[in-house]
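Engineer: Would you mind keeping the following structure in view while I ask a few things?
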Amino acid sequence: MSSSHSSTSATNLYCAEDADGVVSWEAGNEDDDDTWISSNHRPSSSDDGFDISRVFESEPHHMPRPDYLSRCRDRSIDVTARQDSINWILKVHAYYHFRPVTAFLSVNYFDRFLSSHSVSQQPNGWPSQLLSVACLSLAAKLEEPDVPLLLDLQVSDPKYVFEPKTVQRMELRVMSFLNWRLRSVTPFDFLHHFISNLPSSSKLDSFNRVFSVSSDLILSTTRVIDFLGYAPSTIAAAAVLCASGEAGSGSSDCPVVFDKRVNKVLFCGLLYNFLIFKQLLYK
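In this text, residue positions in the sequence shown follow UniProt numbering: the first is 1, and each later residue adds one.
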């Protein structure tokens, strides 16, 4: 690992480059009931025979531990280092024009790993940076047709540049924690389901517009810790309704979008936040 700031700090940190020394196991394990995520093809609600019920059933197993949000709020988790890592992930996502799901999946890996592991606290924040590089690399390998080399992936002025072997060790740690099942349920898995039920989505251009705006809104949630308390389906439902322009319209057709499994109370609160996000993104 090398630092882009100081050769001295680089020398010191090089001694601790083994990813095994970056984290320690606290608790938590991944549920084995999510075996539907097993192929090299991400299931989509547009696929024949796709069962959205199984995605709803699986989503709780692809979220951080329940106490993660409270730990972020009381600063038991280094939220500054987390924010720096997410900002870097989003910069690289924009630089390489990765798909929105790639960036979201990277953050999902990052938060789930951090919610069950104690990452060593360093003033310079290099352990979190290493974790973010590993998570983005794994997500890109899963979702992108062309994946940059590990050194090329570390663009957009990272504080540290890690050797490929160091990143690969961290990737193994993350994959082991995820039980080698990298296909996580995200809000993107619900978009087709919700958009298809919108009264305004009968035309392809309308569908594509709502999908694009919904994707932007979903990706914007990664910067705000409060969204960690919402299930992927709830985030997707609120994003779709906001993107479609149906929110607040009073249309009697709107409720058909919402599956009974979507928490209505949480949804209403989330929708308000999305309306604000939309104004900021598209003003």
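For glycine and all other residues, C-beta sits at the position ideal for the given N, C-alpha and C.
Nothing here was measured: the structure is a model prediction, and the numbers come from that model.
Quick one: using the 10 Å Cβ neighbour count with 16 as the cut-off for buried, is LEU191 buried or exposed?
Structural biologist: As a first step, residue 191 is located in the sequence shown; it is residue number 191 there, counting from the start. That one is buried.
Engineer: Looking at ILE89 and SER132, is the spacing between their C-beta atoms short of 8 Å?
Structural biologist: Here residue 132 refers to the residue found at position 132 when the sequence shown is read from its first residue. Here residue 89 refers to the residue found at position 89 when the sequence shown is read from its first residue. Yes, the pair counts as a contact, with Cβ atoms nearer than the cut-off.
Engineer: Give me, in chain order, the residues of the same chain whose beta-carbon lies closer than 6 Å to that of ALA134; leave out the 5 immediate sequence neighbours on both sides.
Structural biologist: For the purposes of this step, residue 134 is identified with residue 134 of the sequence shown, where counting begins at 1. Contacts found: VAL167, MET170, GLU171, VAL174.
Engineer: Closest to PRO64 by CA distance: which of LYS159, THR80, PHE110, PHE56 is it?
Structural biologist: Counting from one through the sequence shown, the residue named residue 64 turns up at place 64. Nearest of LYS159, THR80, PHE110, PHE56 to PRO64, Cα basis: PHE110.
Engineer: Nearest CA to the CA of ALA231: which residue from PRO199, SER214, PRO187, ASP205?
Structural biologist: Counted from its first residue, the sequence shown places residue 231 at position 231. The candidate whose alpha carbon is nearest that of ALA231 is PRO187.
Engineer: From the DSSP output, in three-state form, read off HIS62 for me.
Structural biologist: Walking along the sequence shown from the start, residue 62 turns up at place 62. Three-state result, HIS62: helix.
Engineer: Let me know the beta strand (DSSP E) ranges lying completely inside the stretch 102-156, each 3 residues or longer, listed in chain order.
Structural biologist: 117-119
Engineer: Once DSSP output is grouped into helix, strand and coil, what is the label at VAL213?
Structural biologist: Taking the sequence shown and counting its residues from 1, one reaches residue 213 at position 213. Three-state result, VAL213: helix.
Engineer: What distance in whole Å lies between the Cβ atoms of THR222 and VAL119, which are believed to be in contact at a cut-off of 8 Å?
Structural biologist: As a working mapping, residue 119 is identified with position 119 in the sequence shown. As a working mapping, residue 222 is identified with position 222 in the sequence shown. About 18 Å separates the two Cβ atoms, so there is no contact after all.
Engineer: Does the distance from the CB of ILE225 to the CB of LEU69 come in under 8 Å?
Structural biologist: Against the sequence shown, residue 225 aligns to sequence position 225. Against the sequence shown, residue 69 aligns to sequence position 69. Taking the C-beta atoms as reference points, LEU69 is found nearer than 8 Å to ILE225.
Engineer: Can you check which of these residues, SER85, ILE52, ASP189, is closest to SER215 by C-alpha distance?
Structural biologist: For the purposes of this step, residue 215 is identified with residue 215 of the sequence shown, where counting begins at 1. SER215 has its Cα closest to that of ASP189, out of SER85, ILE52, ASP189.
Engineer: Answer yes or no: do LEU114 and LEU182 have a C-beta to C-beta separation smaller than 8 Å?
Structural biologist: On the sequence shown, residue 114 is found 114 positions in, with the first residue counted as 1. On the sequence shown, residue 182 is found 182 positions in, with the first residue counted as 1. No, the pair does not count as a contact, with Cβ atoms beyond the cut-off.
Engineer: Suppose the cutoff is 6 Å on Cβ atoms and the five residues either side in sequence are ignored; what does the same chain contact list for PRO100 look like?
Structural biologist: Stepping through the sequence shown from its first residue, residue 100 is reached at position 100. Contacts found: SER215, LEU219.
Engineer: Leaving out the 5 sequence neighbours to the left and right, which residues in its chain are closer than 6 Å to SER85 when beta-carbon positions are compared?
Structural biologist: Reading the sequence shown from its first residue, position 85 is the one you call residue 85. The residues are SER128, SER132.
Engineer: With burial defined as no fewer than 16 other Cβ atoms inside 10 Å of the residue's Cβ, what is the status of ALA94: buried or exposed?
Structural biologist: Looking up residue 94 in the sequence shown gives position 94. Answer is exposed; the Cβ neighbour count stays below 16.
Engineer: In its own chain, which residues sit with a C-beta less than 7 Å from the C-beta of VAL213, not counting the 5 before and 5 after it?
Structural biologist: For the purposes of this step, residue 213 is identified with residue 213 of the sequence shown, where counting begins at 1. ALA243, listed in sequence order.
Engineer: With a 10 Å radius around its C-beta and 16 neighbouring C-beta atoms as the bar for buried, classify ARG112 as buried or exposed.
Structural biologist: Here residue 112 refers to the residue found at position 112 when the sequence shown is read from its first residue. For ARG112, the number of other beta carbons within 10 angstroms of its own is at least 16, and it is reported as buried.
Engineer: Going by other Cβ atoms of all chains shown within 10 Å of its Cβ, with 16 needed for buried, is HIS62 buried or exposed?
Structural biologist: On the sequence shown, residue 62 is found 62 positions in, with the first residue counted as 1. HIS62 should be labelled buried.
Engineer: What whole-angstrom Cβ distance do VAL92 and SER156 have, given they're in contact under 8 Å?
Structural biologist: As a working mapping, residue 92 is identified with position 92 in the sequence shown. As a working mapping, residue 156 is identified with position 156 in the sequence shown. That pair is a contact at about 5 Å.
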